[in-house]
Amino acid sequence: MGEIPQSMKALVGNRSLLTRFSNYAWSRPSGDGVKLTTIPVPEIKNNEILVRVRCVALNPTDFKHVDILAPRGAIIGCDYSGTVAKVGCKAPGNWAVGDRVAGWTHGGLYTDRGSFAEYLKIPGDLAWKPPSTVSDKEAATFGVSAVTAMMALNVRLGVPWTDNAPMEAQLDPPIILIYSGATAAGLYAIQLAKLAGLKVVTTASPRSHNLVKQYGADDVFDYKSPTAIEDIKRAYPDINRAMDCFSEAGSTEFCVRVIQDSCGRVVTLLDSGKTEIDGVKIDFMLGYTAFNEDFQWLPPFGPKFVAKTSDHEALRRFYGSLTQLSVQLKPPPMKSLHPGLESLPEGLDLLRKGKVSGTKLVSTLY
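So this is what it looks like as structure tokens:
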């Protein structure tokens, strides 16, 4: 590795607080969302490593931070892969300069961390070492989407961890519903559930039926079918847990109706403000609680979130096993943007406009 520079290029938020409140109220983004600028390379703490970012993956949370949550100057971006440039003297993980590394960070809220930058700092125990069989672009996709799937299944819904003893085949395996299985989080959730020995029922548009089956889904239903709910209930009356990977436009209510007779639990990725519907528990899950730091959106008026030790330990466990586990998991289909930080605003806008379906946007920075 060469000498670490004092400054770096980064894509940062560029909306005023007033504009972000307006975007939240009217859901119509306005004003300049991001800008590419030069900022200092972050200083790492003793327990952190400094990563030279090679590849990034884009997520809907990135443009949502840009439009509503990111203060001016906050570095955007969560998912990354790269190489270790510097190691803190007490950083866990047995890292060495030059090691390949991947993971995710709480991008879009802080001025000293975010993956859409030439360098990134991260706690040493919250990153993983991709094997040689996993490319840099593929490794970058094991961030928000894979972690979301893991936390929803293993932490919230009680699905067995895949790093335990191999699951024995069951004549009557437990069943899980994964709504919107063709999303990146859905595809990872299907695979993790299958590795844990579950039968996976999912929903997708007809054009994605083959895709979700290729990733392991046992059965798939068209969520737009007027009989979809009754069809699932009739075929699988014992479903008592669901992961809602869409969490909008009635998807949570769809899941509730499917598992209502079992009075089960639905994990959602967006907050509906409800904790129960017709006897079914609703569990809103926010992956950022895994970073073991309290945070607030739109301070001083916005909601506050407290760190969850159990989520932090789950992320450490997942990334501790991912070097081996990643060879059993297939990344979502990827679409490459033009190389460089300059291409990322275009990718964010494609996500914002709903023009990305069935693929994960990735970019190589150098």
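Under this note's numbering, think of the first position of the sequence shown as 41, with each following residue one higher.
The beta-carbon is built from N, C-alpha and C at its ideal position, and this holds for glycine as well.
Handout entry: Of the listed residues Arg60, Leu160 and Asp165, nearest to Asp119 (C-alpha basis)
Key = The shortest Cα separation from Asp119 among Arg60, Leu160 and Asp165 belongs to Leu160.
Handout entry: beta strand (DSSP E) segments (min. 3 residues) lying fully within the stretch 135-195
Key = Within the stretch 135-195, the complete beta strand (DSSP E) runs of at least 3 residues are 140-144 and 159-163.
Exercise for the section: Have a look at His105 and Ile218 and give me their C-alpha separation to the nearest angstrom. Expected result: So the alpha carbons of these two residues sit roughly 25 Å apart.
Problem - Met190 beta carbon less than 8 Å from that of Phe324 - result: It is not a contact, given that the beta carbons lie outside the stated cut-off.
Exercise for the section: Run through the stretch 65-141 for me and flag every whole beta strand (DSSP E) of 3 or more residues, listed as ranges in chain order. Expected result: Secondary structure within the stretch 65-141: the beta strand (DSSP E) runs of 3 or more consecutive residues, fully enclosed, are 74-80, 88-97 and 119-127 (chain order).
Handout entry: Thr101 burial status per 10 Å Cβ neighbour count (16 or more: buried)
Key = In this structure Thr101 is buried. Its beta-carbon is surrounded by 16 or more other beta-carbon atoms within 10 angstroms.
Exercise for the section: From the DSSP output, read off the bridge partner residues of Val402. Expected result: The partner list for Val402 (beta bridge, DSSP) reads Ala97 and Ser376.
Exercise for the section: Can you tell me which of Tyr255, Asn87 and Thr243 puts its alpha carbon nearest to the alpha carbon of Lys370? Expected result: Looking at the Cα atoms, Tyr255 is the closest of the given residues.
Problem - Minimum C-alpha distance to Met283 - residue among Val74, Ile215, Gly113 and Ala179 - result: Answer by Cα proximity: Ile215.
Problem - Inter-residue Cα distance where the pair is Thr315 and Gly327 - result: The straight-line gap separating the alpha-carbon atoms of Thr315 and Gly327 is approximately 18 Å.
Exercise for the section: Quick one: using the 10 Å Cβ neighbour count with 16 as the cut-off for buried, is Gln46 buried or exposed? Expected result: The residue in question, Gln46, is exposed, as its Cβ has fewer than 16 Cβ neighbours within 10 Å.
Practice task
For Lys344, count neighbouring C-beta atoms within 10 Å of its own C-beta (all shown protein chains included) and say buried if the count is 16 or more, exposed if not.
Solution key: Around the beta-carbon of Lys344, fewer than 16 other beta-carbon atoms lie within 10 Å, marking it exposed.
Problem - Extent of the continuous alpha helix (DSSP H) to which Lys49 belongs - result: Careful: Lys49 lies outside any alpha helix (DSSP H), inside the beta strand (DSSP E) at Ser47 to Gly53.
Exercise for the section: For the alpha helix (DSSP H) containing Ile269, list its first residue and its last residue. Expected result: Here the alpha helix (DSSP H) through Ile269 covers Ala268 to Ala275.
Problem - Same chain, Cβ closer than 6 Å to Thr188, neighbours up to 5 away in sequence not counted - result: Within the same chain, Thr188 has close Cβ partners Ala225 and Gly327.
Exercise for the section: Please go through the same chain and pick out, in chain order, the residues whose beta-carbon is closer than 6 Å to the beta-carbon of Arg60, but skip the five residues on each side of it. Expected result: Hits under 6 Å: Ile108.
Exercise for the section: Mind checking who Gln336 pairs with in its DSSP beta bridge? Expected result: Answer by DSSP bridge pairing, in chain order: Lys344.
Problem - Helix, strand or coil at Trp217 according to DSSP, with G and I counted as helix - result: Residue identity check: residue 217 is Leu in the sequence provided, not Trp. Here Leu217 sits in strand by DSSP.
Practice task
Classify Glu43 as helix, strand or coil using the three-state DSSP reduction.
Solution key: The three-state reading of DSSP puts Glu43 in coil, since its state is none of H, G, I, E or B.
Problem - Meets three-Cβ-pair contact criterion under 8 Å: the stretch 69-85 and the stretch 47-54 - result: The stretch 47-54 and the stretch 69-85 touch, with three or more beta-carbon pairs separated by less than 8 Å.
Practice task
Please work out which residues of its chain come closer than 8 Å, Cβ to Cβ, to Gln300, disregarding the five sequence neighbours upstream and downstream, and give them in chain order.
Solution key: Counting only Cβ-Cβ distances below 8 Å, and skipping sequence neighbours, we find Asp318, Gly319 and Val320.
Problem - Member of Leu51, Ser155, Ser302 and Thr329 whose CA lies at the smallest distance from the CA of Leu90 - result: Nearest option by C-alpha distance: Ser155.
Practice task
Taking Asp351 as part of the beta strand (DSSP E), name the residues at either end of that continuous run.
Solution key: First-last for Asp351: Thr349 to Leu365, but that is the alpha helix (DSSP H), not the beta strand (DSSP E).
Practice task
Label His378 either buried or exposed according to how many other C-beta atoms from any shown protein chain fall within 10 Å of its C-beta, with 16 as the threshold for buried.
Solution key: With fewer than 16 other Cβ atoms inside 10 Å of its own Cβ, His378 counts as exposed.
Exercise for the section: Give the single residue among Leu51, Gly380 and Ala167 whose Cα lies nearest to the Cα of Arg140. Expected result: That would be Ala167, whose Cα lies nearest to the Cα of Arg140.
Exercise for the section: Just tell me which of Gly128, Ala157 and Phe182 has its CA closest to the CA of Pro385. Expected result: Comparing alpha carbon positions, the residue from Gly128, Ala157 and Phe182 closest to Pro385 is Ala157.
Problem - N- and C-terminal bounds of the beta strand (DSSP E) containing Ala282 - result: Ala282 -> beta strand (DSSP E) spans Arg281 to Asp284.
Problem - Nearest-angstrom Cα separation, counted from Ile162 out to Ala131 - result: Rounded to the nearest angstrom, the two C-alpha atoms are 10 Å apart.
Handout entry: Residue from Gly198, Ser312 and Cys295 whose Cα sits closest to the Cα of Gly221
Key = Gly221 has its Cα closest to that of Cys295, out of Gly198, Ser312 and Cys295.
Handout entry: Enclosing beta strand (DSSP E) for Arg305 [first to last residue]
Key = Following the DSSP letters along the chain, one finds Arg305 inside the beta strand (DSSP E) bounded by residues Arg305 to Thr308.
Practice task
Spell out the partners DSSP gives Ile230 in its beta bridges.
Solution key: Under the DSSP definition of a beta bridge, Ile230 lacks any partner.
Practice task
Could you tell me the boundaries of the alpha helix (DSSP H) in which Asp389 lies?
Solution key: It spans Leu384 to Arg392 - the alpha helix (DSSP H) in which Asp389 sits, taken as one unbroken run.
Problem - 8 Å CB neighbourhood of Ser312 in its chain, flanking five on each side removed - result: Hits under 8 Å: Ser287, Thr292, Ile322 and Phe324.
Handout entry: Three-state class that DSSP yields for Val296 in the structure shown
Key = Helix, per DSSP.
Practice task
Would you kindly work out how many angstroms separate the C-alpha atoms of Ser366 and Ser403, rounded to a whole number?
Solution key: Ser366 and Ser403 have their C-alpha atoms spaced approximately 20 Å apart.
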